[in-house]
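Numbering (the numbering used here), first residue to last: 3 to 434.
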């Protein structure tokens with residue numbers, strides 16, 4: 003639901019909807035066993051950059067709900083069903099942002115590309131370290147840090163939020179993890195060298211998805227026709243790009259070339275476009291792009307500029323890592339990690355909603371999304387205090403909850419210290 007220009011974050015999630023989604027996903031067996039709305043709220047508000055995300059969520063859960071819970075029992079609540087619920091809520095939060103985005107601002111940011119494309123998307127991944135126990139499902143490429151996961155995302159540059167996101171072990175290559183179905187017909191997809199795959203390019207182009215990506219040196223496509231470039235244009239036909247340059251048949255014209263090339267894969271042939279941009283250095287140092295965008299939409303310079311928009315996905319990684327504390331995740335069960343990552347995506351979406359609200363109230367003064375998310379991080383205790391006040395929790399009850407939580411955390415900490423001491427004594431006995 004929307005209130006005029008901006009959706010109020012406090013109205014984003016309905017408790018009845020949460021319970022229905024949780025039961026459908028198998029997140030809870032009985033309503034009395036877990037207070038799901040409180041668990042969701044506590045998870046989203048765990049924006050701290052300090053390690054111990056699940057412990058922070060437990061603290062929020064006991065503060066907001068007032069029900070004591072043992073750490074071991076609480077961590078068991080991060081099930082596959084709960085991760086599914088959090089994924090659904092993350093999708094809902096992203097859709098809420100898109101429902102109230104300022105279309106004029108979006109069009110200005112994307113330089114008029116939305117006049118030709120339904121959306122502009124970038125694909126990429128980022129790596130995060132986990133506890134060693136996670137190495138069983140998320141092995142990394144490092145012996146010192148044996149467990150790491152990759153967060154893969156297809157991000158709409160309209161709002162900088164993911165259309166699709168999922169996890170994989172760090173060792174797995176990016177390319178197979180591109181979800182083609184997330185790219186709708188009429189979309190422009192920006193991708194780096196890690197996603198080059200001729201079969202997929204043909205499939206996407208046949209579905210009406212436009213591609214713009216770097217050309218790998220190993221591709222060396224066959225020239226079909228030269229549109230922009232100096233040299234013997236007819237003689238270039240049928241020759242590979244490397245061969246045409248090596249023979250002196252082709253050169254840059256005012257720092258650019260624009261060619262039709264043949265792409266072949268799996269017995270299929272398609273004519274696409276290669277654009278080269280050079281700053282006057284050697285052919286080997288020039289940048290080449292493979293695209294299906296016609297030249298009347300993007301000239302060579304426009305292709306190069308449009309590709310730079312792909313770097314906007316780095317803003318999402320920064321918001322997730324620096325703003326919402328995704329780098330602090332140290333869980334090791336895959337379902338727990340998935341739930342926590344989705345909570346971080348919800349946090350970024352809420353930050354965007356608050357940014358839109360702030361623009362209305364501050365008359366368009368500069369207000370960055372990262373600043374909003376970082377402010378949410380620092381003001382979490384105030385937010386929790388206000389939520390307790392809204393629920394009519396007295397100061398005496400707040401004190402009781404504080405003492406209960408402190409005693410549980412202290413007992414857990416004492417148990418960990420004693421366990422470490424026993425392990426050390428056991429090692430001394432064995433070595434002695």
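C-beta: ideal position from N, C-alpha, C; glycine also. Quick caveat: nothing in here was measured; it's all calculated off a predicted structure.
{"Query": "CB of residue 48 within 8 angstroms of CB of residue 40, strictly", "Result": "no"}
{"Query": "DSSP-derived helix/strand/coil call for residue 101", "Result": "helix"}
{"Query": "Residues near residue 157 by beta carbon distance below 6 angstroms, same chain, minus five either side", "Result": "124, 164, 315, 318"}
{"Query": "Pairwise C-alpha distance: residue 99 and residue 291", "Result": "32 angstroms"}
{"Query": "Segment limits, beta strand (DSSP E) that includes residue 165", "Result": "163-171"}
{"Query": "Bridge partners - residue 127, DSSP secondary structure assignment", "Result": "154"}
{"Query": "Simplified DSSP state of residue 381, which is helix, strand or coil", "Result": "coil"}
{"Query": "Nearest neighbour of residue 302, chosen from 229, 427, 373 [CA to CA]", "Result": "229"}
{"Query": "Every unbroken beta strand (DSSP E) inside the region 266-299 [3 residues or more]", "Result": "270-279, 289-293"}
{"Query": "Other residues of its chain near residue 33: CB distance less than 8 angstroms, five sequence neighbours each side excluded", "Result": "Per-residue confidence for residue 33 stands at a pLDDT of 45, beneath the threshold of 50, marking its modelled position as unreliable; no derived number is given."}
{"Query": "Boundaries (first-last residue) of the alpha helix (DSSP H) holding residue 64", "Result": "55-67"}
{"Query": "Residue 214 and residue 180 closer than 8 angstroms at C-beta", "Result": "no"}
{"Query": "Run of the beta strand (DSSP E) containing residue 307, from where it starts to where it stops", "Result": "No beta strand (DSSP E) holds residue 307; the alpha helix (DSSP H) holding it covers 302-310."}
{"Query": "Validate contact between the region 280-291 and the region 87-101 using beta carbons, cut 8 angstroms, 3 pairs", "Result": "no"}
{"Query": "Alpha-carbon spacing of residue 306 relative to residue 279, whole angstroms", "Result": "7 angstroms"}
{"Query": "As assigned by DSSP and simplified to three states, the class of residue 17", "Result": "helix"}
{"Query": "Residue 242, DSSP secondary structure in three states", "Result": "strand"}
{"Query": "Boundaries (first-last residue) of the alpha helix (DSSP H) holding residue 140", "Result": "It is not in any alpha helix (DSSP H) - residue 140 carries neither H nor E in the DSSP assignment."}
{"Query": "Range covered by the alpha helix (DSSP H) that runs through residue 318", "Result": "315-320"}
{"Query": "Three-state secondary structure assigned by DSSP to residue 229", "Result": "strand"}
{"Query": "7 angstroms CB neighbourhood of residue 421 in its chain, flanking five on each side removed", "Result": "none"}
{"Query": "Within the region 177-214, ranges of the beta strand (DSSP E) (whole runs, at least 3 residues)", "Result": "189-193"}
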